[in-house]
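Written below as structure tokens is the structure these notes are about.
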Amino acid sequence: MNLHQLNTEARVGHVDELNLIAIEGGDYLLEARVKGRAHPLSDSRGQRLRVHSVEEARDLLKALPLLSLNLLHWSVQDEMCGMGTHPEEDLKVPISQRSAW
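Following the working numbering, the numbering of the sequence shown begins with 1 at its first residue and continues without gaps.
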């Protein structure tokens with residue numbers, strides 16, 4: 001899904017939420033949830049859309065209707081030494097689509 005398709009889906013109310021997924025190296029991937037299914041956002045070349053900050057993501061999304069936006073960090077418990085077995089829980093924090101500055 002590209003930004004134009006996301007805009008179309010958002011305007012008709014099909015987007016459940018947007019997730020800004022933190023990945024290694026300090027970058028983020030954007031994912032839209034439409035009718036319960038994950039749709040990674042892609043750039044103009046068809047590659048996964050990668051942003052370098054929350055503010056860069058907000059800038060890309062400013063033309064869209066306001067949507068539920070979450071910052072998502074994968075569970076790191078499986079990488080921690082001496083942590084026994086615990087259910088994996090990802091960290092999902094709601095954030096504002098518009099800058100708080």
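Ideal placement from N, C-alpha and C gives every residue a C-beta, glycine not left out.
Return the first residue and the last residue of the alpha helix (DSSP H) that Leu-64 is part of.
As a working note, residue 64 is residue 64 in the sequence shown. Looking at the DSSP string, Leu-64 is not in any alpha helix (DSSP H), and its letter there is neither H nor E.
Mind checking who Ile-21 pairs with in its DSSP beta bridge?
Mapped onto the sequence shown, residue 21 falls at position 21. Looking at the DSSP assignment, Ile-21 forms a beta bridge with Leu-29 and Leu-72.
Verify whether the separation of the beta carbon atoms of His-52 and Met-1 is less than 8 Å.
As a working mapping, residue 52 is identified with position 52 in the sequence shown. As a working mapping, residue 1 is identified with position 1 in the sequence shown. Contact: no.
For Glu-24, tell me which candidate among Leu-49, His-73, Lys-62 and Ile-95 has the shortest Cα-Cα distance.
On the sequence shown, residue 24 is found 24 positions in, with the first residue counted as 1. With distances taken between Cα atoms, Glu-24 lies closest to His-73.
Out of curiosity, what's the CA-to-CA distance linking Lys-62 and Arg-11?
The count along the sequence shown starts at 1 and reaches residue 62 at position 62. The count along the sequence shown starts at 1 and reaches residue 11 at position 11. Distance between the alpha carbons of Lys-62 and Arg-11 is about 13 Å.
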